[in-house]
Amino acid sequence: MKEIRIQGGKGLFGEIDIQGAKNSILPVLAATILCGGECVIHNCPNLSDVDTSVRILRNLGCSCSVEGNTVTVNSRDINCCEIPDDLMREMRSSIVFLGAILARCGKAVLSSPGGCELGPRPIDLHLSSLKRMGVSIKEEHGMLSCTCESRIKGETINLCFPSVGATENIILAAATADGITTINNAAKEPEISDLADFLNSAGARIYGAGSDTIVIHGVEKLHGTNHSIIPDRIVAATYMAAAVMNGGEIKLKNVMPSNMVSLLWAFNECGCKTEVNCRSITVKSNGELKRIPTVRSLVYPGFPTDAGPILISMLSISKGTSVFVENIFESRYKYIDELKRFGAKIKTEGKVAVIEGVRKLSAANVRCTDLRGGAALVLAGLVAEGETKISEIHHIERGYDDIVGTLSSVGAIISQE
Ligand code: EPZ
Numbered sequence: 274m275k276e277i278r279i280q281g282g283k284g285l286f287g288e289i290d291i292q293g294a295k296n297s298i299l300p301v302l303a304a305t306i307l308c309g310g311e312c313v314i315h316n317c318p319n320l321s322d323v324d325t326s327v328r329i330l331r332n333l334g335c336s337c338s339v340e341g342n343t344v345t346v347n348s349r350d351i352n353c354c355e356i357p358d359d360l361m362r363e364m365r366s367s368i369v370f371l372g373a374i375l376a377r378c379g380k381a382v383l384s385s386p387g388g389c390e391l392g393p394r395p396i397d398l399h400l401s402s403l404k405r406m407g408v409s410i411k412e413e414h415g416m417l418s419c420t421c422e423s424r425i426k427g428e429t430i431n432l433c434f435p436s437v438g439a440t441e442n443i444i445l446a447a448a449t450a451d452g453i454t455t456i457n458n459a460a461k462e463p464e465i466s467d468l469a470d471f472l473n474s475a476g477a478r479i480y481g482a483g484s485d486t487i488v489i490h491g492v493e494k495l496h497g498t499n500h501s502i503i504p505d506r507i508v509a510a511t512y513m514a515a516a517v518m519n520g521g522e523i524k525l526k527n528v529m530p531s532n533m534v535s536l537l538w539a540f541n542e543c544g545c546k547t548e549v550n551c552r553s554i555t556v557k558s559n560g561e562l563k564r565i566p567t568v569r570s571l572v573y574p575g576f577p578t579d580a581g582p583i584l585i586s587m588l589s590i591s592k593g594t595s596v597f598v599e600n601i602f603e604s605r606y607k608y609i610d611e612l613k614r615f616g617a618k619i620k621t622e623g624k625v626a627v628i629e630g631v632r633k634l635s636a637a638n639v640r641c642t643d644l645r646g647g648a649a650l651v652l653a654g655l656v657a658e659g660e661t662k663i664s665e666i667h668h669i670e671r672g673y674d675d676i677v678g679t680l681s682s683v684g685a686i687i688s689q690e
């Protein structure tokens, strides 16, 4: 079984080009279904979730080719509207294909995505919004059978929670709908803006992405386009933490600091120095970290839930005690038992994690429980004395493009067996 091995304690120095954002490429690949022509997407990260999305597109009848970090998709010859169960189970975020398949084909059949390592992942906001837009949905035997007799119709949708996925599905259904769709209390994440930029370059008329009110004027047809995916802000935070925890200096290139304000606040509160330019961030530290005031995960532009495990790993070796409150997902602390095997002193109670910093961590054999929890274990291994072995690394491969090669390039003693 594949595992990552790390000899901890090495300072990290050098430059890292940050990969394209996983949570942007996935909805953009779904959006190519609407275009009916050739789409060329640059800065696409090499991830298992991208592989799964490409297989879904090919299953629908799209032609897809991947060359390095460029994916070319042509959805002209779509001939299927079903996502097989195995692909849905491989990647629950395949639900974001629903709106696009419905808009293009008038029907869609997929299995309910179910929960994941972070707890139950309901899709009630997705389904209730699509129903309001004229889609009829039958949920039985774990399957979703969706049909729309005529063209999807524009509607005003008030989201009770600014769900990222639901906002994306509504945008994908509304781009070629009949009439105007207004999303109130929409998610404001940068990945939503990237999706809107992609669709507008293909002929859509989407206004207000990045704010809590998005207005989509449905158009008859979209066309092929070229697009470059925005950088992954969570991956950027991961490598910043690696530099800060071990002492060293790393320059992150191709980042968008304007999307990372809450993350930069946390790093500066920990006492590390950051030099921010328009497309790069240089972070340096002597490895001495301070505790920080209570951090609560919030929807954007608040502190992102996906960076919680990264921050908690970093705080595990800070001076003093910090508190983190996870407000977005029900059970995002499964990795903490593994983190404690390094000697971290962390107590969790419901949404709250109390992190009592320790002077040093010692190497351990651990296993990943989820994507960002796995990244937290890598960070701990980089600073722990001795050799750490990390198994179940398929979780990490979902969201990090060659994390071993990237960390090796800045001096980490890390390998994958
Ligand atoms: C997206 O998940 C991201 N995934 C997640 O990243 C990220 O953590 C999350 O947004 C929050 O930023 C992708 O973009 C592929 P939500 P999503 O809908 O869309 C509840 C990672 O590690 N909810 O904003 O599923 C839900 O239970 C992943 O990269 C409903 O109740 O997030 C959760 O508590 C993990 N009903 C909260 O909203 C719904 O219909 C946030 O969910 C939908 C969501």
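Quick note on this note's numbering: the sequence shown kicks off at 274 and runs consecutively. Glycine included, C-beta positions come from ideal geometry on N, C-alpha and C. None of these values were measured; they are calculated from a predicted model.
Residue i beta carbon near the ligand EPZ (any heavy atom closer than 7 Å)
i	result
GLU670	no
PRO504	no
HIS667	no
VAL437	yes
ASP397	yes
ALA460	yes
ARG640	no
VAL324	According to the sequence provided, residue 324 is Asp. The question's Val does not apply to it. The answer is no for ASP324.
ARG405	no
THR578	yes
LEU320	no
SER366	yes
ASN532	no
Contact belief for residue i with residue j at Cβ below 8 Å, rounded distance in angstroms
i	j	result
ASP579	ARG671	Not confirmed; about 12 Å, so no contact.
GLU493	THR449	7 Å
LEU375	THR325	Not a contact, Cβ separation roughly 20 Å.
LEU495	GLY309	7 Å
Residues near residue i in its chain [Cβ-Cβ closer than 7 Å; skip 5 each side]
i	result
ARG605	LEU391, THR578, GLY581 and GLU599
ALA304	ALA373, LEU445, LEU468, PHE471 and LEU472
GLU238	Shown here, the chain extends from 274 to 690; a query on residue 238 therefore has no answer.
VAL323	ILE298 and CYS317
ARG365	PRO386, GLY387, CYS389 and ARG394
LEU612	SER586, SER589, ILE619, ALA649, LEU650 and ALA653
Nonlocal neighbours in the same chain, by C-beta distance under 6 Å from residue i, ignoring five residues either side
i	result
ASN342	ASN316 and CYS317
ASN532	PRO463 and ARG506
SER409	THR420
SER418	VAL382 and LYS411
ALA337	First, the residue type needs correcting, since residue 337 is Cys and not Ala in the sequence shown. Cβ neighbours of CYS337 beyond the five flanking positions: VAL327, LEU330, ARG331 and VAL346.
LEU333	ILE351 and CYS353
LYS620	VAL627
TYR480	VAL488
PHE576	SER535, VAL568 and SER570
LEU680	ILE687
HIS668	CYS641, ASP643, LEU644 and GLY647
With 16 other Cβ atoms within 10 Å as the buried cut-off, status of residue i
i	result
PRO393	exposed
ASP643	buried
SER589	buried
LYS461	buried
ARG552	exposed
ASN296	buried
TYR608	buried
CYS335	buried
MET406	buried
SER402	buried
Same chain, Cβ closer than 8 Å to residue i, neighbours up to 5 away in sequence not counted
i	result
LYS563	GLU542, CYS543, GLY544, SER591, LYS592 and GLY593
LEU634	GLY281, SER589, ILE590, PHE615, GLY616, ALA617, ALA653, VAL656, ALA657 and GLU658
GLY684	LYS283, GLY284, LEU285, PHE286, GLY287 and GLY521
PRO764	The shown model of the chain, from 274 to 690, leaves out residue 764, and the question about it has no answer.
VAL596	THR567, VAL568, VAL625, ALA626, VAL627 and ILE628
Residue i CB to nearest heavy atom of the ligand SAM below 7 Å
i	result
LYS624	The ligand SAM is not among the ligands present in this structure, which contains only the ligand EPZ.
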